[in-house]
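A short worksheet on the structure shown next.
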Amino acid sequence: MNEVEFKEAIDGLALEKTAFQHSVGSTNDVVAEWARDGEKGLALAAADEQTRGRGRAGRRWLTPPGSALAFSLLLSLDVSPDTALLGRASGLGALAVSEALERLYGMASRIKWPNDVLLNGKKTAGILAEAHWSGEHLQALILGIGINVASDSVPPVETINFPATCVEAELGRNVRASELLRAVLEEVIAWRSQMQSPEFIRAWQSRLAYMEQNVRLNMGTDRVIEAQLQGLASDGSLRLRLPSGELRNFRMGEIQITPID
Ligand code: BTN
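The letter at position 213 of the sequence shown is residue 214 when you use my numbering, and the numbering goes up by one with no holes.
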């Protein structure tokens, strides 16, 4: 995507501040700087290439030029912060991407909780939600969204621990990244004030991957157990039935799930 296409994509959207760069370290860092400067309202930074893109759990995220969408939104908080807010922000990004793919291309994606968007079981988009603190006060959320659009954005097999793909490979034709960006932004704008509503949780849950299937829970430090995925709790945490029969909710960061084939 170039700057002209970016400007067309965001035309008329309710964004307080925007920036497009051909190449940047990480768009999450761009909006973190804005948060430090006291930026209020919804702000958006996008780039055609990231040289130090970050994924969850300290992983790298590749954004080679001309092949992907990489953008970050700064969401000033008009909801009262709670411990599950970051998880719900991840869900907001994933839901927005999933809905945009369906609306534009009729594609049925699934969300691997909390935030990976899968097409045909393979990862196509990831979300990195980060909190911005001012002292003890949670001031803003940073929602970084990366979408593999063309094949160059799909990471080499030896560098990943989950199968990956891109929108064009699954759709079988080229897409305009800028129209996908606009559709995702429209969905984020529509849902962002409802992150604590039951409708939001229901919409997120309706797109969850592996519903009522057994998944493997990686709880860190070699603890792996199997459990059945039951859906979302009202705060967006993941509800699982453990082998003991007990139902337990897990928050983002506590576990990683993988399907059992
Ligand atoms: C993940 O699945 O691990 C999360 C990937 C998040 C990638 C996006 S691309 C835009 C923003 N800038 C970054 O450095 N990361 C996020």
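Note that CB positions come from ideal geometry on N, CA and C, so glycine has one too.
Closer than 8 Å: residue i CB and nearest the ligand BTN heavy atom
i	result
residue 72	yes
residue 124	yes
residue 242	no
residue 51	yes
residue 149	no
residue 62	yes
residue 111	no
residue 56	yes
residue 219	no
residue 28	yes
residue 202	no
residue 129	yes
residue 258	no
residue 88	no
residue 175	no
residue 215	no
residue 237	no
residue 117	yes
Residues near residue i in its chain [Cβ-Cβ closer than 6 Å; skip 5 each side]
i	result
residue 46	20, 28, 31, 32, 73
residue 183	10
residue 105	184
residue 236	85
residue 257	219
residue 211	230, 260
residue 206	232, 233
Cβ shell of residue i (< 7 Å), same chain only, five flanking positions each side left out
i	result
residue 178	2, 70, 150
residue 54	27, 61, 62, 63, 64, 71, 147
residue 242	228, 229, 231, 248
residue 172	106, 108
Spatially closest choice to residue i from the options, by CA coordinates
i	options	result
residue 188	41, 261, 257, 92	92
residue 6	25, 56, 67, 38	67
residue 131	64, 88, 206, 49	88
residue 224	255, 195, 237, 231	255
residue 216	114, 101, 94, 203	114
residue 1	49, 38, 8, 36	Nothing about residue 1 can be reported from this structure: the residues present for the chain run from 2 to 262 only.
residue 133	126, 127, 78	78
Same chain, Cβ closer than 8 Å to residue i, five either side skipped, listed in chain order
i	result
residue 190	14, 15, 43
residue 76	43, 90, 141, 142, 143, 144, 193
residue 17	40, 41, 42, 43, 44
The ligand GTP heavy atom lying under 8 Å from the CB of residue i
i	result
residue 145	The model depicted lacks the ligand GTP and carries the ligand BTN instead.
### Query
Which parts of the segment 72-124 are runs of the alpha helix (DSSP H), unbroken and 4 residues or longer, counting only runs that do not cross its ends?
Within the segment 72-124, the complete alpha helix (DSSP H) segments of 4 residues or longer fall at 86-106, listed in chain order.
### Query
At which residue ranges does the segment 143-208 contain complete beta strand (DSSP E) runs of 3 or more residues, listed in the order of the chain?
Fully contained in the segment 143-208 is no beta strand (DSSP E) run of length 3 or more.
### Task
Could you name each continuous beta strand (DSSP E) segment of 3 residues or more that falls completely within the segment 34-58, going from the start of the chain to the end?
Those beta strand (DSSP E) runs which fall completely within the segment 34-58 and span 3+ residues are 43-51.
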